[in-house]
Amino acid sequence: MRRSIEDSFHVLGKVNEGTFGVVYKAVKAEDKEKYERFKHNAAELSKMTFLAIKKPKNSREGEGFNKDAVREIALLKELSRHQNIVTLRDVVLCPEGSAATKGLYLVFDWAEFELCEILKNHRDKGMKPPGERMVKSIMWQILNGISYIHHNWIIHRDLKPSNILIMGKGQEYGRVKIADFGMARLIQQPLRALHLDGVVVTVWYRAPELLMGAKHYSKAIDMWALGCIFCELMTNTPVFQGKEDKQPKALQEDQIRKIFRVIGKPTAQDWQQITELPEWNKIAALNIPVRCLL
């Protein structure tokens, strides 16, 4: 709906900013007076409904909407009904204003925590990894959400702890939500190598086939990322912490080394068609022991 964001919401402040755009915390405009009255009263604030407003960056050409944002809206219109996927509450179109204010705004339920924040807090305080019960609950809910996504023929393509949200106080307390569908694609659509989309994705959770330049891949890349998240939950440490090469190319040699030093460098017998991947010749020349855990 076309309207000013200020007419519909009272923005409390910026909470995150990155390559995707900006995220603000807000309440509905009709709750502004109540918030101002009770903003120092924790008990009353806990009863209020907060929102996350995501403003994706405009298109690189400066005209029109960000294609990833439009895609995310279309996908979430179908997926938001699931309990373990973020709920898209509203879409606001501001056609007028400065370059910083006009554009699309996506409105979501406010999630109190990101999984990456919880894990970082454990590391910073020298705490043990989350307990077995918590790990089972988090992983079951993520898998439940991913199962629904995959059954709808969608690949998320950017699963990582910062895109796993956990709800705070309220009816959904402790509920895990999968977020950020800007990189998601329908499986039947032509898929391009990630670097061609112009978005730098954290390599620690990227599947080996993507690192080696695969242009055609399956939902298995999401399962690899989930395996990395599971290991991180169990150990409190990202399992494959390679140094990211910011150059616009698919091969991330240090990340590949980190992976293959743990699971071994696969051969054509272990991994059919691996020799057909664009970067295989470079990988084959690396001095890494050949070992397959399978």
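Under UniProt numbering, think of the first position of the sequence shown as 1, with each following residue one higher.
Just so it is clear, CB atoms sit at the ideal spot from N, CA and C, and this is done for glycine as well.
Beta-carbon to beta-carbon, L233 and M139 are separated by about 7 Å, close enough to satisfy the 8 Å threshold. Note that the C-beta distance between I256 and I221 is not below 8 Å. Following the DSSP letters along the chain, one finds V135 in no beta strand (DSSP E) but inside the alpha helix (DSSP H) bounded by residues E132 to H151. For I164, the closest alpha carbon among the candidates W153, A74, N236 and E117 is that of E117. DSSP places N66 in the coil class of the three-state scheme, outside both helix and strand. Counting C-beta pairs closer than 8 Å gives fewer than three between the stretch 104-112 and the stretch 206-217, which falls short of the contact rule. Cβ-Cβ distances below 6 Å link I166 to F113 and V176 in the same chain, with the five nearest sequence neighbours on each side left out; the list follows chain order. Secondary-structure assignment with DSSP links R185 through a beta bridge to I155. DSSP places H122 in the uninterrupted alpha helix (DSSP H) bounded by L115 to D124.
Taking A268 as reference, the option from I259, N281, R261 and V262 with the minimal CA-CA separation is N281. The Cβ atoms of H40 and A26 lie no closer than 8 Å to each other. Contact between L12 and A184 is absent: CB atoms are separated by about 28 Å, not below the 8 Å threshold. Secondary structure of G242 (DSSP, three-state): coil. Y105 is bridged by DSSP to V92. Residue pairing by DSSP places G13 opposite K25 in a beta bridge.
For L210, the enclosing alpha helix (DSSP H) starts and ends at P208 to L211. Under the three-state reduction of DSSP output, K169 falls in the coil class, being neither helix nor strand. In the three-state DSSP reduction, A52 falls in the strand class (E or B). In the displayed model, I178 falls within a strand according to three-state DSSP. In this structure E72 is buried. Its beta-carbon is surrounded by 16 or more other beta-carbon atoms within 10 angstroms.
In this structure, N84 sits near I178, with a CB-CB distance shorter than 8 Å.
C-alpha of D68 to C-alpha of N236: approximately 32 Å in a straight line. In the three-state reduction of the DSSP assignment, I229 falls in the helix class.
Annotated three-state conformation of I288 is coil, per DSSP. One thing to note: L88 has its Cβ no nearer than 8 Å to the Cβ of L104. In the DSSP assignment, Y217 falls outside any alpha helix (DSSP H) and carries neither an H nor an E.
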